[in-house]
Amino acid sequence: MKIKTGFKLRTIVGEHIITGEGVERVNFNKIITLNETAVYLWENLVGKEFTEDDVVKLLTDEYEVTEEVARKDVQNLLSKWEEAGLLDK
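Quick note on the numbering used here: the sequence shown kicks off at 23 and runs consecutively.
Now the structure itself:
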């Protein structure tokens, strides 16, 4: 899978927000904010093909978290990103 092109991570008033470039991507009904961990993942994944296992490895390499906890968190995050239309599968 891959993060779709046309989305940018911006920091606005201390909040990390995903914005769409171009009028067709603007949806003011949905604002996508990321916490620091999701920002870390976004920055390491944007522009690359990746699997769920790749994202789990990023988490376990950077944070003191078990693979089981990381996988659950990654599945939740990727599900939200997919629902928001941020991923190409």
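Quick reminder that beta carbons are idealized off the backbone N, C-alpha and C, glycines included. Source: prediction; values computed, not measured.
Q.
Rounded to whole angstroms, what is the Cα-Cα separation between T33 and I39?
A. 6 Å
(Q) Tell me the rounded alpha-carbon separation between T73 and E104. (A) 13 Å
Q: With DSSP collapsed to three states, give me the class of T55.
A: strand
Q.
Taking only three categories from DSSP, how would you classify V48?
A. The predicted model places V48 with a pLDDT of 49, which falls under 50 and marks its position as unreliable; any figure quoted below should be read in that light. Three-state DSSP puts V48 in coil, outside helix and strand.
Q.
If I measure Cβ to Cβ from K94 and keep anything under 8 Å in the same chain, skipping five residues before and after, which residues do I get?
A. Taken in chain order, the list of residues that qualify is empty.
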